[in-house]
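Residue numbers (our numbering), protein chains in the order written: chain A, 1 to 101; chain B, 1001 to 1694. Just so it is clear, CB atoms sit at the ideal spot from N, CA and C, and this is done for glycine as well.
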C-alpha cells in the first residue's frame, strides 16, 4: 500500500505541534522532556517521508544523526533532572528560575 | 708712501671688517671663552681689536691717495616710502681719524685689561666674570665703530644706543657691589636714564631733520639744508639745539653730566676706554659730523660754545674738591669734554677733534695709571690684612687719595707715566695737551671773551687739581698700611701705559702750529678752515697759569705732606666753598629735589591711582575678571548644563529604560523562553511564507 506523503507530513506536523504544546504548558520536567523527544521524532518522520518521496538517502542519514543527538540529549537531560531533583526535591521546571533578569 | 691704485681701492672695501672683527671676537668668546680660559679670552678680544686697528690703518693709507674718501654700502636696511636708509659706511678723514683713535686706544686698553681684570675679578671674588667683561668690551668697540662709520643719522643712532648699552652693562659690571649692595647698579641706571634724555633730544632732531629735509643721510641733509636758505633757519636752530641735547647726554655736558662721575663704578679699563677716551667723545664727534647744520645755525653754535665752556669751568671746580682718585679724573674728563664742545661750538672743529684725540691719549693714560695705582693698593691691602688680621676693621677704600701717598718710590713706572699724563692734561709744553688746548683757547680768544675766560680759568684749575692729585698720591709718606705695601704691576698692565705715555708726549705733533697736519687732513672732510695763527700771548698766559697752579699745588700739598687722617689743607681756608666743591655743588641733591622726588611722587600716585585702583582693582578685577566669570557662568548654566549635559543624560536614561524593559523578558522560566523561540520561529516562517506567496 502506498500512503501519500502529505498524510505523513501532516502527521508529523501534528506530532510536532503536540510536542510544542507539551513543552509550553507542562511543568513536569520529564513530560517536557518527552515532548521534546516527540518533536524530534516528528522531525524524523518528516525526513523519512520526504526521503521516500524524493528517493534520496540524505534524509535517512539525518534521521540517524538526530537519533544519536537525541540519545545524547537524553543522557545529559536526565542527569540534569536528577541533579535538580536532588536540590529542589521536585522536578517542576518553574521552580528553576534563578536566572531571571 | 705710495701704493698702487688697485690695492688702495680694495682697501676701502675692507672697511666693514672694522665692525666685523670685534663682533667675531665677541662671538668666539661667547661660544668658547668660558671653556678655554682667561688667556684665550684676553687674546681673542685683544686680537680682534688689534685687527680692527689694522683695518683702520689701511683706511688711513688709502685716504692718503684718495682724500675724498668712499662710501661703502654694507646692506639694505630700511626702505619705507620715501625713507631709504641703506647701511652704508662713510670713509672720510673725519671718520678714519676717529677709527684710528678708537681702535688704537682700545687695543692698548684691551691688553691692559687682560692683566687688570685678572686681578680685579679675584679681588672682587668672581673670576667667572672675566669672559663677560671682554664680551662687553668687544661689543662696545663694534658699537662705537658703527657710530663712527655710519653715513646717516640712523646708523649713527644705532651705534649711539649700542655704546650706551655697553656703558650701562659695564658700569654695572660689579652690579652687586657698591652702596647698599646696589650702588653700582644704580649708577648704571643713572647713566642710562641721563643718556635717554640726551637720546630723546637726538631722536627729536632726527624727526625734525627728516620732516624738513626728507632724508637722514648726512650728505643729502647737508645739501638740502644749504639749498633751503634762510627760511629753514628756525628748524635748523631747533635741530641743532636738540642735537646739542643729545651731545650733552652722551658727552656729559651741563646739565646732563651727573651720570659720568657715578660711572666710575665700573672697572678702571671701562672708565678709561668708555668714560674718558671714546664713548663720551661721541657727542663732540656728532657735532663735528653735522658741522654744516651748526654752521647754518649760528645761534645754536654759540649756545654750544657757552655750554661747553660753562661745563669745562664748572666740572673743573668740582674736581678740586674730590678725594676719590677716579672721581677727580671723571670731573676732569667732563671739563675737558667741555673744552671740546666749546671748540666745536666756535666752529674750531679741527681744534675740537685735535683735543679729542690728544685727550683720548692722556686721559686713557691717566685712568689706566689710576687703575694701576688702585691695583697696587689692593695688593698692598691684601698683603697688610693677611699679615695682621683685618688691620683696618671696617671698609677700606682703595680709591681714596687720603689712603695713598708715597707711591712714587713703590710704583716707579706708573709714577713716571702718570706724571706725563698729568703734565699733558695740565697743558705744559711740549706735551700733547698743550697744543690742543692752546688751539681751543686761541679760537676762543678771537671769538668770544666769556668763553675764553671760562676756559682759561678751567685750564688753571685743571693744572691745580692734577698737581694736587699727583702730590697726594705719589709724594709724601704712605698714609695707610695698604699704600705702604703697594707694589708695581706686571708688564701686561704697565706696557700699555708706556705706549700711551709716548702718545701723550708726542701727540702734539699731529697738529703743530704752522704745520697743521691734522687741519689739512680733516680739511678734506670739514672744508678748508682758516686756523688762527699761533699766538705767543695766549700760549704764554695758559702756560704761566698752569705752572703757577702746579706751584700752588706744590706749596699746599708737597711742601708739608699730608699726614694720616689729616684734613685736606685747602679745607680750612676755603671753608664752605670746599664743602660745596666736595659735595659737587649739590647738583645731585638739587636734581633729586627738583626732579627725582617729584617724579617718584608722581610715579607713586600713578601707581596707586592709575595702576592699583583703576587698572588693577577696576579694570582687571571688575571688568576683566568679573566679566569673564559672568561669561563663563552664563555658558555653564545656559549651555553646558542643559545642552551638553542634557544630551548625554537623555541618552543614558534611554538606555536605562530600554534595559529595564528588556529585563522583564528575562523571567527565568524555561517555558517562557520556549515561547519566545516559538514566536521567533513563527515570525520567521511567516516572513518566508508571505514572501514566497507575493
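Which same chain residues, not among the five before or five after residue 1649/B, have their C-beta less than 7 Å away from its C-beta? none
**Asked** Mind listing which residues of the segment 1650-1680 of chain B have their C-beta closer than 8 Å to chain A's C-betas, in chain order?
**Response** 1662, 1663, 1664, 1665, 1666, 1667, 1668, 1669, 1670, 1671, 1674, 1675, 1678
query: Cβ of residue 20/A less than 9 Å from any chain B Cβ?
result: yes
**CA nearest to the CA of residue 1469/B, picked from 1446/B, 1436/B, 1456/B, 1556/B** = 1556/B
- Query: DSSP on residue 97/A, reduced to helix/strand/coil?
  - Reply: Three-state DSSP puts residue 97/A in coil, outside helix and strand.
Check: What is the C-beta distance between residue 1500/B and residue 1372/B, in whole angstroms, given that I count them as a contact (C-beta under 8 Å)?
Finding: Incorrect: roughly 11 Å between the Cβ atoms, too far for contact.
Open item on the list: As a quick exercise: from 1191/B, 1301/B, 1434/B, 1480/B, pick the residue whose alpha carbon is nearest that of residue 1376/B.
Closed with: 1480/B
*Tell me, please, whether the segment 1542-1559 of chain B touches the segment 1294-1314 of chain B by the rule of three or more beta-carbon pairs shorter than 8 Å.*
no
*So, is residue 7/A buried or exposed, given that buried needs 16 or more other C-beta atoms within 10 angstroms?*
exposed
Query raised in the report: According to DSSP, is residue 1677/B helix, strand or coil?
Result: helix
Just to confirm, is the Cβ distance from residue 1464/B to residue 1552/B under 9 Å? yes
query: Whose Cβ in chain B lies nearer than 9 Å to the Cβ of residue 15/A?
result: Residues of chain B passing the Cβ test: none, with the nearest at roughly 16 Å.
### Query
Which residue or residues does DSSP assign as beta-bridge partners of residue 1150/B?
According to DSSP, which records beta bridges pairwise, residue 1150/B is partnered with 1089/B.
**OP:** Return helix, strand or coil for residue 1393/B, following the three-state DSSP convention.
**Re:** Because the pLDDT of residue 1393/B is 46, which lies under 50, any placement of that residue in the model is unreliable, and the number read from its coordinates should be weighed accordingly. Three-state result, residue 1393/B: coil.
Nearest-angstrom beta carbon gap, residue 1667/B and residue 97/A [assumed within contact, 8 Å] = 7 Å
Tell me which residue opens and which closes the alpha helix (DSSP H) that residue 1071/B is part of. Careful: residue 1071/B lies outside any alpha helix (DSSP H), inside the beta strand (DSSP E) at 1070-1080.
*Segment limits, alpha helix (DSSP H) that includes residue 1184/B*: 1183-1213
**Prompt:** When you compare only the Cα positions, how much space is there between residue 1352/B and residue 1368/B?
**Reply:** 23 Å
So who's on the other strand from residue 1217/B, going by DSSP bridges? 1152/B
- Query: Can you name the residues of chain B whose CB is closer than 9 Å to the CB of residue 93/A?
  - Reply: Those within 9 Å of residue 93/A in chain B are 1669, 1670, 1671.
Review point. Is the beta carbon of residue 1327/B sitting closer than 9 Å to the one on residue 1315/B?
Key: no
Rounded C-alpha distance that separates residue 1511/B from residue 1560/B:
40 Å
message: Just to confirm, is the Cβ distance from residue 1149/B to residue 1090/B under 9 Å?
response: yes
Subject >> Inter-residue Cα distance where the pair is residue 79/A and residue 63/A >> reply: 24 Å
Exercise for review: Can you give me the Cβ contacts of residue 58/A inside the same chain, cut-off strictly under 8 Å, excluding the 5 residues immediately before and after it?
Suggested key: 51
| task | Would you check if the distance between the CB atom of residue 1134/B and the CB atom of residue 1268/B is smaller than 9 Å? | result | No, the pair does not count as a contact, with Cβ atoms beyond the cut-off.
**Asked** Closest Cβ-Cβ distance between residue 74/A and chain B: below 9 Å?
**Response** no
Is the CB of residue 88/A under 9 Å away from at least one CB in chain B?
no
- Starting from residue 1604/B and walking both ways along the alpha helix (DSSP H), at which residues does that stretch end? 1597-1605
Q) Considering residue 1262/B, what are the terminal residues of the alpha helix (DSSP H) in which it resides? A) For residue 1262/B, the enclosing alpha helix (DSSP H) starts and ends at 1259-1262.
* **residue 1614/B: first and last residue of the uninterrupted alpha helix (DSSP H) it sits in** => Premise fails: residue 1614/B is in no alpha helix (DSSP H) and is neither H nor E.
Does the beta carbon of residue 97/A come closer than 9 Å to any beta carbon on chain B?
yes
Would you verify that the beta carbon of residue 24/A is, or is not, closer than 9 Å to some beta carbon of chain B?
-> yes
How is residue 1301/B classed by DSSP in three states: helix, strand or coil? helix
Provide the residue(s) that pair with residue 1582/B in DSSP beta bridges, ordered along the chain. Answer is none; residue 1582/B lacks a bridge partner.
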